[in-house]
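First residue of the sequence shown? That's 1 in UniProt numbering, and the numbers climb one at a time after it. Below you'll find the structure, written out as structure tokens, and then a few comments.
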Amino acid sequence: DIAVDSQDSDVIDFPDHLPFPSFNFPETIKFKILGKADVRQLLEDKISMLCSIVPLSRAQAIVLLHHFKWDVDRAQDEWLEREKKVRPAVGLFERPVAVTSYASVRPCGICPEKLPGNMSLAVSCGHQFCRPCWTEYISKAIGDGPRCLALRCPSPSCGAAVGPDMVDLLVSEKDKEKFENHLLKSYLISCEEAKWCPAPGCEYALFSFGDGDSSNNVTCRCLYRFCWKCTKEAHSPVDCSTVDKWMSEMSVQSENWMLANTTPCPNCKLPIEAIPGYKHFEQCTSCKYEFCCECGAHPSNHMVTEQYWQYNCRLDNSLRPAGFHIVDGQKRELAKKSLERYNSYYQQWVTTESCRTDALTDLKLFHEVQLPMLREILMIPPKELDFLVEAHLQIAECWQLLKWAYVYVYFLSEEERLKMPLLEFMQGQAEDLVKLLHKHVVELKHSLLQGDVPIKRLKDCRNNLVQLTGYVSLRVPSYHLTLQSIHMCISFKHKSNCENTKMPSLQPSVFWDSVIQSFDFCISHW
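So this is what it looks like as structure tokens:
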């Protein structure tokens, strides 16, 4: 259904009115980016195709196509072969089921108002309702979400469809736009090769074609980069299941924090945070019950000296309140260590995401404000400054990769953590390179805007920055390849063990020598 020119599949043509029209995103997945108007036209073509074959109005065709998940051939065959069975299933009644009243004043089926006949409306079932009730009913359904596309008559047990013709007639322009968005999204969901860009406020859709790995990343014209498989933000080098695991890790660590830092009140069971350095008695903030945090008993059951913080906890089971369980010290320590490790990686994850966001913000500022200024200062076409755009995009791409690399390392198994020193070294080297590239971009932009760079030196400055950008674009992904090598090595070893097959033993030193050699080869080759 989608006409695509395969000759330009690897290069996206950017219209002039879109951001960054001169920059092309090379992707492993071949795809086409369409705007909202383009998707609407594809939908209208399907509707027109069905209407040319089956004698239905546009609104009826939309109801029928939505029921059959926008499959024109199936909708056509089902309607032509089993029209009498299809009509009640989709809600397009051939004759009204309600008794038609010919009185000049008709009662509304919802409110007690009695209105003239021209003020009441009905769908194919014939149930009459006043216009205000219809408007409120449809508007509420549109606000509730995409289920409004399968809206039925408000009369109890009536299955007549409320089609888009009623929407166009009764609701506001804002609700009409919402209804259309639901309609377009419904159409795209039915297309396995199409996805809406998940970025907030973005109205572009991406259509893939040809062969490609569904787990690869794609970049929308709004510069949002996401995973084609799960539609979450691009998360290489981790897979989609690891992303879900990381997102749910917060709740797991919340439980660890409760275990490591709180004691339940024996009286009301409310968790009480322990005060650092004060480990004998606690007082519940809710019920004011005072208890020993070691055994849960009241202070009166303890031998207390003149100095209040010196006391003798009996740990007598007979004095311990019912339901109070002493938290195992070893479990508490394990929870603390797990929490500390999570907090460390989470802070690094947040920091790199902040750097990526700043890089994209700088790029938008450069394109909207600084680029027009440089064109006037240097008197050159904007294409001559594309190298600055590419450097910004490379910075953002590297920060995104490094962000999810922290998640990858966080979930390493005990066996894989033996490689931590090398991974931390490579991560630090990669971050330093990205910061260096960012520093050079900022300094060059500042010099160009101040007029400190003569036009004769611009070529040298461009070549230097292009070389540095290329170096970073090779060096940082090589860290990504190292992580993939670890995963492949461990996965192959695990698979071999599960299948009880004999494989030649690979010494860790030999494996890491090969990784380092391949890493050095990439750099020297560049």
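Note that beta-carbon positions come from the ideal geometry of N, C-alpha and C, so glycine has one too. From a predicted model like this one, the values you see are computed outputs, not experimental measurements.
query: Separation of residue 447 from residue 373, as counted between CA atoms; result: 13 angstroms
query: Residues near residue 449 in its chain [Cβ-Cβ closer than 8 angstroms; skip 5 each side]; result: 370, 373, 374, 377
query: Delimiting residues of the alpha helix (DSSP H) encompassing residue 40; result: 36-53
query: Residue 162 vs residue 123 beta-carbon contact at 8 angstroms; result: yes
query: Span separating the alpha-carbon of residue 362 from that of residue 392; result: 8 angstroms
query: Which listed residue (166, 159, 433, 30) has its alpha carbon closest to that of residue 57; result: 166
query: Distance between residue 379 and residue 408 (C-alpha atoms, nearest Å); result: 47 angstroms
query: Selected residue, minimal CA-CA separation from residue 146, among 255, 424, 185, 196; result: 185
query: Rounded straight-line distance, which links the Cα of residue 333 to that of residue 351; result: 27 angstroms
query: Under the three-state DSSP convention, the category residue 251 falls into; result: helix
query: Test: residue 378 CB closer than 8 angstroms to a CB of chain B; result: The displayed structure is made up of one protein chain only, and chain B is not part of it.
query: Residues that DSSP places opposite residue 195 in a beta bridge; result: 206
query: Range of the contiguous beta strand (DSSP E) that encloses residue 227; result: 225-227
query: Residue environment, residue 442, which counts as buried when at least 16 other CB atoms sit within 10 Å; result: exposed
query: Alpha-carbon to alpha-carbon, residue 252 and residue 273; result: 18 angstroms
query: Own chain residues within Cβ distance below 6 angstroms of residue 432, not counting five before or after; result: none
query: Opposing strand residues paired with residue 152 [DSSP bridges]; result: 161
query: Buried versus exposed, by CB contacts within 10 Å (16 or more), residue 427; result: buried
query: Residue 155 burial status per 10 Å Cβ neighbour count (16 or more: buried); result: buried
query: Nearest-angstrom Cα separation, counted from residue 465 out to residue 439; result: 11 angstroms
query: At least 3 beta-carbon pairs within less than 8 angstroms: the stretch 238-249 vs the stretch 399-415; result: yes
query: Opposing strand residues paired with residue 68 [DSSP bridges]; result: None, per the DSSP bridge assignment.
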